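Residue numbers (this note's numbering), protein chains in the order written: chain A, 474 to 1008; chain B, 10 to 536. Below is one structure, written out as structure tokens; the observations come after it.
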Amino acid sequence: MALAFDEFGRPFIILREQDQKTRLRGLDAQKSNIASGKAVARILRTSLGPKGMDKMLQSPDGDVTITNDGATILDLMDVDSQIAKLMVELSRSQDYEIGDGTTGVVVMAGSLLEQAEKLLERGIHPIRIAEGYEMASRIAFEHLEHIAHKFEFSATDVEPLVQTCMTTLSSKIVNRCKRSLAEIAVKAVLAVVDLERKDVNLDLIKVEGKVGGKLEDTELIYGIIVDKDMSHPQMPKQIEDAKIAILTCPFEPPKPKTKHKVDIDSVEKFQTLRQQEQMYFDDMVKKCKDVGATLVICQWGFDDEANHLLMNRNLPAVRWVGGVELELIAIATGGRIVPRFQELTTEKLGKAGLVREKAFGTTKDRMIYIEHCSNSRAVTIFIRGGNKMMIEETKRSIHDALCVARNLIRNNSIVYGGGSAEISCSIAVEAAADKYPGVEQYAIRAFADALDAIPMALAENSGLQPIETLSAVKSQQIKENNHCCGIDCNDVGTNDMLEQNVFETLIGKQQQILLATQVVKMILKIDDVISPSDY
Amino acid sequence: MAIDKLLKDEATEEKGERARMASFIGAMAIADLVKTTLGPKGMDKILQSTGRGHSVTVTNDGATILKSLHIDNPAAKVLVDISKVQDDEVGDGTTSVVVLAGELLREAEKLVNSKIHPMTIISGFRMAAECARNALLEKVVDNKMDAEKFKEDLMKIAMTTLSSKILSQDKEHFAKLAVDAVMRLKGSTNLESIQIIKKPGGSLKDSFLDEGFILDKKIGVGQPKRIEDAKILVANTAMDTDKVKIYGARVRVDSMAKVAEIETAEKEKMREKVQKIINHGINCFVNRQLIYNFPEELFADAGVLAIEHADFDGIERLALVTGGEIASTFDNPESVKLGYCKLIEEIMIGEDKLIHFSGVEMGKACTIVLRGASPHMLDEAERSLHDALCVLSQTVNDSRVLFGGGWPEMVMAKAVDELAKRTPGKRSHAIEAFSRALVAIPTTIADNAGLDSAELVAQLRAEHHKEESRAGIDVISGSVGDMGELGISEAFKVKQAVLLSATEAAEMILRVDEIITCAPRKREDRM
Chain A
474 MALAFDEFGR PFIILREQDQ KTRLRGLDAQ KSNIASGKAV ARILRTSLGP
524 KGMDKMLQSP DGDVTITNDG ATILDLMDVD SQIAKLMVEL SRSQDYEIGD
574 GTTGVVVMAG SLLEQAEKLL ERGIHPIRIA EGYEMASRIA FEHLEHIAHK
624 FEFSATDVEP LVQTCMTTLS SKIVNRCKRS LAEIAVKAVL AVVDLERKDV
674 NLDLIKVEGK VGGKLEDTEL IYGIIVDKDM SHPQMPKQIE DAKIAILTCP
724 FEPPKPKTKH KVDIDSVEKF QTLRQQEQMY FDDMVKKCKD VGATLVICQW
774 GFDDEANHLL MNRNLPAVRW VGGVELELIA IATGGRIVPR FQELTTEKLG
824 KAGLVREKAF GTTKDRMIYI EHCSNSRAVT IFIRGGNKMM IEETKRSIHD
874 ALCVARNLIR NNSIVYGGGS AEISCSIAVE AAADKYPGVE QYAIRAFADA
924 LDAIPMALAE NSGLQPIETL SAVKSQQIKE NNHCCGIDCN DVGTNDMLEQ
974 NVFETLIGKQ QQILLATQVV KMILKIDDVI SPSDY
Chain B
10 MAIDKLLKDE ATEEKGERAR MASFIGAMAI ADLVKTTLGP KGMDKILQST
60 GRGHSVTVTN DGATILKSLH IDNPAAKVLV DISKVQDDEV GDGTTSVVVL
110 AGELLREAEK LVNSKIHPMT IISGFRMAAE CARNALLEKV VDNKMDAEKF
160 KEDLMKIAMT TLSSKILSQD KEHFAKLAVD AVMRLKGSTN LESIQIIKKP
210 GGSLKDSFLD EGFILDKKIG VGQPKRIEDA KILVANTAMD TDKVKIYGAR
260 VRVDSMAKVA EIETAEKEKM REKVQKIINH GINCFVNRQL IYNFPEELFA
310 DAGVLAIEHA DFDGIERLAL VTGGEIASTF DNPESVKLGY CKLIEEIMIG
360 EDKLIHFSGV EMGKACTIVL RGASPHMLDE AERSLHDALC VLSQTVNDSR
410 VLFGGGWPEM VMAKAVDELA KRTPGKRSHA IEAFSRALVA IPTTIADNAG
460 LDSAELVAQL RAEHHKEESR AGIDVISGSV GDMGELGISE AFKVKQAVLL
510 SATEAAEMIL RVDEIITCAP RKREDRM
């Protein structure tokens, strides 16, 4: 069909090199797209919920990652299909925006696609389905707002926050000590929160991991940890009431950026140059000392001579500290980052109550702790764990928990977890469907069915009878008019999520529904796939 | 209608049962591989590298074996990882941790086959691990207060660790070396300050601990071979031509005479530098970098012993033992702290000349000189000694001690068994399985020694049902013996790390229900 005729009846080619491209059109294209979307969702489906399983991923270089986090799985899966890539993007944008619910959003999109396929087979036009989904998502969105609870917390009463973070953590491998990790996450967020503006800058929370020890040893440090050691092995390992000079200039001879040459053509010049050089080092160290610094943190390296001079003047120093860490140190200690030695002044020094170097294990791993800072707005979560994969997974889990806590501070509305919100939405959408005339009605009903997929997957992963459980919970919700009924994944004995203290954030849920609907709409609108064939 | 390929061409995906099987089999294969090295009668492995020269390593150390393997199975990589971490963290128990994780997975496989959900198994394992840890905590002995007894404990631990290694023949000798070396550290875990020098020749028995410091260097020609009351300057500075560091500087002259002038100036500069160094009032100068002939000659003239090219660790250690500081500028002689030692002399070990610093001020660092028949032997001896040193230094910090010889496993197994009886529900199967996995360790020790493991373990179990039993497997006599009398001890920290890491690893592998292997990265074809 890529051949067309102009007004004189001469043929010309629209798509070149026919035989090198494959092309799918119409219903076939849609079905093929839906199939790959579903395939991605199927992979993630078993990771959902507190009893969800993990995936083991081997990267092209042979590194192994074990994770439960939807965004990470999709990120590392290295998918080839274009539609699958859309799904990956979907989960990533949920990750950026909310940080949690990355698995749920993909499962949701998958089940929406599945329902759409059925409708397509009945001959409903994809655009009508898309419109129906759009209406339904709006209904669900509003319904969520309707059933959401405001929940109150203050700096003193953080229990509700901790509970919500625990819900997030319970699906991860770290659920063994979810309580303590949730507390750490909440404390960290509260330490950096700006309650006036209701904003949290997560950059101020540094998550650092070190292999060894056990998960229970994970701790929150009101300060910064730098994975470096003192530049000279004989410098003091502990400094109290440190005054810190934060430098971005190296302790090295100057390197002017403009091109230049220094010509030496006589003995005198040679000697003056030499003296100047020595002066230069002396001067640098002296400037630091003069302003009263007791610790130098530098982004660049030190010359051997400078290093010794620092040591000699009893001025401990840390070199090669990364830019991000440098910024954090500056924030935490209230110091200013100084780009030139000339600009060093006493006011620009940061202050910390205690700086110490700590050694780990039998290898010579050392880290520098900067604690009791004048401004405790920057904190570090220091994770310990049995192996590298565990630490990485804990880092991801903590990140999720931090995001949840942040979202709650931004907007303190919650809905109940365990699939209860989805079931409730499904009921509401189903009821609303009848009010719409036209073909969209079917699409709206399909949307309601799709919403059931999440509680169904939860029940399935928990080893319950999915259909039986879902219908029981659904009828219970309607009968008791209680939208807190969900799937009892942990076999506690009650399916009232209010009692189980399983919360999720409202914005997280809303975002899930909106994002999933958007992507599905996009996929449905594609009716022609042209791709270069393999050669 | 074809479904689009989801993954890239060579990527593979395994799901559900198959994924679980793949990871179980991989993990168990690794565990079985190192299993035979466990215990005092464990056997060694020969590893041949694929690199140039096909160098050969003979070892008994789990971490070393696993590190050298090229493994494709992702689950197996998890086990390799935990053994590496065990090595970094406590230094010993690298084999035990892998064997225990393997056994846990073997038991888990049976449970999965009998249709118990992995999550149920995990929660059972967690309860069991917690219970086992508490059982151990109740039984620990802490002799920190009693210095004499504590030293005895250390001795026992060192002997137990060494008994499974190549050094087992002379374990008493080496245990003493290790304990002495660690006691000198006075609680620090910085093993850097214990230097191990390997010199082929002689026998293992000839190895010794030197209280001073030995530097594997030669003394420059024409310089004194023996210095008493040495004042040492430890430095890190360029002693070739002292370059101008200012960027972009270069020499541009218009006549030969000028070149000569600058050369003289350069020489003069070096002479000045040497003079400055000598003005510190030293008679020994150790530099990390090269010392050229010219300054060396100057030093020789001044009667100063100059040692060049000491490696960085050597310099640091030397600074540590002699109490000096590492200097790079020499303008203020009064502010630089010099190192001091009573005697520097050249000594001979085998055929090599070494420099020996004795009578040093700070006794923290020391040197262990290993002698042995072949380089392989020495390498293995070093690894074994390193294990022992690691364990000891950790024990100095955490002085809780347990008996060895399968005793802790039996204690844990007993406690876990009791927990299983009290626990309702399916989890109790998992807890029982945990206890079976624990018992597998004494079983393996007995098996490796060629003993009747079923009989011995049954006896052991019976013994342990008495209160306060100290029974363990006595591999030497091939029977159940009293570990207290036999003096077989292990550090609590090692056992705890083994237990927790193995459980964590098993848990991680159990949770997996899908393995996705990405297509290997295309390499530039160099063939």
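C-beta: ideal position from N, C-alpha, C; glycine also. Note that this is a predicted model, so its numbers are computed, not measured.
| query | result |
| --- | --- |
| Lys645 (chain A) - DSSP class collapsed to helix/strand/coil | coil |
| Close beta carbons around Ala603 (chain A), own chain, < 6 Å, minus the five adjacent residues each side | Lys994, Leu997 |
| Residue-level contact to chain A via CB, Lys86 (chain B), 7 Å cutoff | yes |
| Whole-Å CB distance - Lys831 (chain A) paired with Gly682 (chain A), under 8 Å assumed | With 8 Å as the limit, Lys831 (chain A) and Gly682 (chain A) do not qualify as a contact, their Cβ atoms being about 15 Å apart. |
| Neighbour list for Thr862 (chain A) in chain B, Cβ cutoff strictly below 8 Å | According to the sequence displayed, residue 862 (chain A) carries Met and not Thr. Ordered by position in chain B, the residues that pass the 8 Å Cβ test against Met862 (chain A) are Val87, Asp90, Met517. |
| 6 Å CB neighbourhood of Met168 (chain B) in its chain, flanking five on each side removed | Lys180, Ala184 |
| Beta-carbon proximity check, Ile353 (chain B) vs Ile236 (chain B), cutoff 7 Å | yes |
| Where Ile286 (chain B) falls, given that 16 or more other Cβ within 10 Å makes a residue buried | buried |
| Cα-Cα separation, Leu194 (chain B) to Val369 (chain B) | 15 Å |
| Burial state of Gln567 (chain A), where buried means 16 or more other Cβ atoms lie within 10 Å | buried |
| Under 8 Å (Cβ pairs) to chain A, residues found in the region 260-286 of chain B | Val260, Arg261, Val262, Asp263, Lys267, Glu270, Ile271, Thr273, Ala274, Glu275, Lys278 |
| Secondary structure, beta strand (DSSP E): runs of 3+ residues fully inside the region 902-982 of chain A | 976-978 |
| Sequence-distant residues of the same chain with beta carbon closer than 7 Å to Ala11 (chain B), five excluded per side | Any reading at Ala11 (chain B) must be qualified, since the residue scores a pLDDT of 42, below 50, and its modelled position is unreliable; the value itself is stated next. There are no such residues. |
| Any C-beta of chain A under 7 Å from that of Met136 (chain B) | no |
| 7 Å Cβ cutoff met for Ala84 (chain B) and Gly25 (chain B) | no |
| Length of the line joining the Cα atoms of Asp189 (chain B) and Ile364 (chain B) | 22 Å |
| Reduced DSSP secondary structure (H/G/I, E/B, other) of Met560 (chain A) | helix |
| For Leu314 (chain B), the three-state DSSP class (helix, strand or coil) | strand |
| Whole-Å CB distance - Val764 (chain A) paired with Leu817 (chain A), under 8 Å assumed | 5 Å |
| Alpha helix (DSSP H) segment containing Met265 (chain B), residue limits | 265-287 |
| Cβ of Ser344 (chain B) within 7 Å of any chain A Cβ | yes |
| For Ser532 (chain A) and Ile678 (chain A), the rounded distance between their alpha carbons | 28 Å |
| Cross-chain neighbours of Pro562 (chain B) in chain A, by beta carbon under 7 Å | Beyond the ends of chain B as shown, which are 10 and 536, falls residue 562 (chain B); an answer cannot be given. |
| Exposure label - Tyr1008 (chain A); buried when at least 16 CB within 10 Å | Only weak support exists for where Tyr1008 (chain A) lies, its pLDDT of 49 falling under 50; the coordinates are left without a value. |
| Coil, strand or helix - Ser627 (chain A) by DSSP | coil |
| Ranges of the beta strand (DSSP E) found wholly within the region 444-493 of chain B, counting only runs of at least 3 | 480-483, 488-491 |
| Proximity winner among A:Asp672, A:Cys722, A:Ala805, A:Glu778, relative to Trp793 (chain A) (alpha-carbon distances) | A:Cys722 |
| As assigned by DSSP and simplified to three states, the class of Phe754 (chain A) | helix |
| Beta-carbon separation (whole angstroms), Met421 (chain B) vs Arg470 (chain B), contact threshold 8 Å | No, Met421 (chain B) and Arg470 (chain B) are not in contact; Cβ-Cβ is about 12 Å, not under 8 Å. |
| Short Cβ contact (7 Å threshold) for Gly823 (chain A) with His845 (chain A) | no |
| 8 Å contact criterion, which Ile804 (chain A) and Arg850 (chain A) should meet: CB distance rounded | 6 Å |
| Beta-carbon proximity list for Arg535 (chain B), same chain, < 6 Å, skipping 5 on both sides | In this predicted model, Arg535 (chain B) has a pLDDT of only 49, less than 50, meaning its place in the structure is not dependable; the value taken from the coordinates is given anyway. Closer than 6 Å at the Cβ level, and outside the excluded window around Arg535 (chain B), lies no residue. |
| Short CB-CB distance (under 7 Å) between Asp522 (chain B) and chain D | Judged by its chain identifiers, the structure shown contains no chain D, and its protein chains are A and B. |
| 7 Å Cβ shell around Leu347 (chain B) - same chain, five flanking residues per side excluded | Lys240, Ile241, Leu242, His289, Ile291, Gly333 |
| His385 (chain B) beta carbon less than 7 Å from that of Val67 (chain B) | yes |
| Nearest-angstrom beta carbon gap, Lys208 (chain B) and Asp361 (chain B) [assumed within contact, 8 Å] | 6 Å |
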